[in-house]
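A quick write-up on the structure given underneath.
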Amino acid sequence: MSGNSLALLKYGEHLILSEKIEDGMKIFHDESNKGNCIAALKLGEIYFSGKVVNKDNDMALKVVLESWDKTKDPMTIYKMGEYNEFGIGCKINTELALQFYNEAADLEYPMAYFKLGCLYSRGYIVPKDQRKALEYFQKAVYSDFDDSYRAVWMIRYGNLLKSTRDFEEAAKFYKISADLGNIEGLNYYAVLLQYGKIKDSDPEKAASLFKYASDKGDFFATYHYARCLEYGVGVEKNLEEAQKYYQMSGVPSLDIGGETP
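Numbering (this note's numbering), first residue to last: 11 to 271.
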């Protein structure tokens with residue numbers, strides 16, 4: 011979508027928020043008729059919600075399907091999967107939802123990879139299959155998409171692999187997630203570093219990562235850094251500091267200073 015089209019849609023949203031609803035809706039309809047799938051999906055949401063105009067499920071589905079016919083944009087077909095899965099504007103039809111998700115994945119749409127990974131990992135709509143889940147999460151990880159989503163995918167993929175006890179592979183993805191700024195990924199990576207679960211275990215680095223995440227306000231990391239201080243793992247043993255961090259974590263230690271667990 012061009013910058014001009016994006017600006018036009020923003021202006022359409024502004025008009026609607028300013029209660030110039032007819033003018034704003036005209037912009038969205040005009041852009042949708044030109045094959046702008048973002049405009050079509052926005053119209054679908056507007057008609058489904060009924061907050062701006064009268065609720066009209068038939069119109070919502072019509073504009074989205076027309077957009078798909080014109081553009082074959084995978085985001086549109088993915089949205090059709092969501093509509094059918096959750097009954098948005100239509101009856102719930104999980105079989106049809108799965109069909110749309112698979113079609114979007116065939117078109118290499120990253121969110122479809124992620125969605126199918128979730129379905130197979132949970133055994134929802136499809137038989138539970140962790141191997142297939144991993145395949146789809148891996149595709150999602152390596153697809154060209156927004157970093158925040160990639161970080162989430164790294165976490166999901168790392169967790170699944172951890173359940174198969176492949177800590178080296180899990181650590182690889184937790185580290186990528188941490189490098190993308192995801193604190194949860196950083197914490198999991200630090201745990202593997204600290205407890206000798208991977209070849210390149212490094213208690214000092216683990217302690218520094220826990221300290222970093224703790225400074226960001228993460229209570230999980232604060233608790234683990236307190237343990238580092240209590241038992242002298244990766245840092246110099248300091249019971250007074252350990253008690254302070256335990257209190258900050260919300261889990262005060264009543265009897266600190268024992269043997270390393």
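Each residue gets a CB set at the ideal place from its N, CA and C atoms; glycine is no exception. None of the values given here were measured: they were computed from a predicted structure.
- Comparing alpha-carbon positions, the option among 105, 196, 23, 249 lying closest to residue 230 turns out to be 196.
- Restricting attention to 177, 168, 162, the CA atom closest to the CA of residue 121 is found in 162.
- Counting along the chain, residue 197 sits inside the alpha helix (DSSP H) bounded by residues 193–204.
- For residue 244, the three-state secondary structure derived from DSSP is coil.
- By the beta-carbon neighbour count (other beta carbons within 10 angstroms, threshold 16), residue 166 is buried.
- For residue 137, there is no enclosing alpha helix (DSSP H), since its DSSP letter is neither H nor E.
- Rounded to whole angstroms, the separation of the alpha carbons of residue 216 and residue 222 is 10 Å.
- Per the C-alpha coordinates, the member of 37, 87, 90 positioned closest to residue 25 is 37.
- In this structure, the beta-carbon distance from residue 131 to residue 110 does not fall below 9 Å.
- Judged by DSSP in its simplified three-state form, residue 225 adopts helix.
- Beta-carbon to beta-carbon, residue 34 and residue 22 are separated by about 5 Å, close enough to satisfy the 8 Å threshold.
- Remark: C-beta atoms of residue 241 and residue 219 do not approach each other more closely than 9 Å.
- Residue 116 carries a helical assignment under DSSP once its states are collapsed to helix, strand and coil.
- For residue 33, the enclosing alpha helix (DSSP H) covers residues 31–43.
- Annotation: residue 207 is outside any alpha helix (DSSP H) and is labelled neither H nor E by DSSP.
- A direct Cα-to-Cα measurement between residue 98 and residue 80 gives close to 22 Å.
- Annotated three-state conformation of residue 67 is helix, per DSSP.
- When the beta-carbon positions are compared, residue 92 and residue 135 stay at least 9 Å from each other.
- In this structure, residue 67 and residue 100 form a Cβ contact; the two beta carbons are roughly 7 Å apart against a cut-off of 8 Å.
- The beta carbons of residue 74 and residue 90 sit closer together than 9 Å.
- Annotation: residue 182 to residue 168 spans about 8 Å, alpha carbon to alpha carbon.
- In the three-state reduction of the DSSP assignment, residue 52 falls in the helix class.
- Taking a C-beta distance under 9 Å as the contact criterion, residue 190 and residue 179 do not qualify as a contact pair.
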